[in-house]
Amino acid sequence: MFSEQFFDLLLNYGDDWKVDDVKVDFKLNEVDVFMSFIGEKGECPDTMELCSIYDHRVTRRWRHLDTMQFKTWTVYL
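Residues are numbered in this note's numbering as their position in the sequence shown, beginning at 1, plus a constant of 30.
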């Protein structure tokens, strides 16, 4: 639980996002931070209006700034 709280504070995505899990691969020197959107509304990319969310995209994995010597990836569920 400590690592989830640590990355939640470190990334500071706000109340609409939650760090669900953190996996560390010591062989590859990588950290995967699994996140989910828990807000009720999201911003429309076309109109910038807040809209209700009725579905989610497929899981995405994006590179983030490194955490010390570890490549850090944010995984959006």
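Glycine included, C-beta positions come from ideal geometry on N, C-alpha and C.
Query	Result
Is it the case that the Cβ atoms of TRP92 and VAL63 are separated by a distance below 8 Å?	no
Cα separation between ASP96 and CYS81?	33 Å
Less than 8 Å separating the beta-carbons of VAL61 and VAL52?	yes
Can you tell which of ASN59, HIS94, VAL105 has the C-alpha that lies nearest to the C-alpha of ARG87?	VAL105
Quick one: Cα of MET78 to Cα of GLN35, how far?	30 Å
Which runs of the beta strand (DSSP E) spanning at least 3 residues fall entirely within the stretch 43-75, listed in chain order?	47-55, 60-67, 71-73
If you drop the 5 nearest sequence neighbours on each side, which residues of the same chain put their C-beta closer than 8 Å to that of GLU70?	SER82, ILE83
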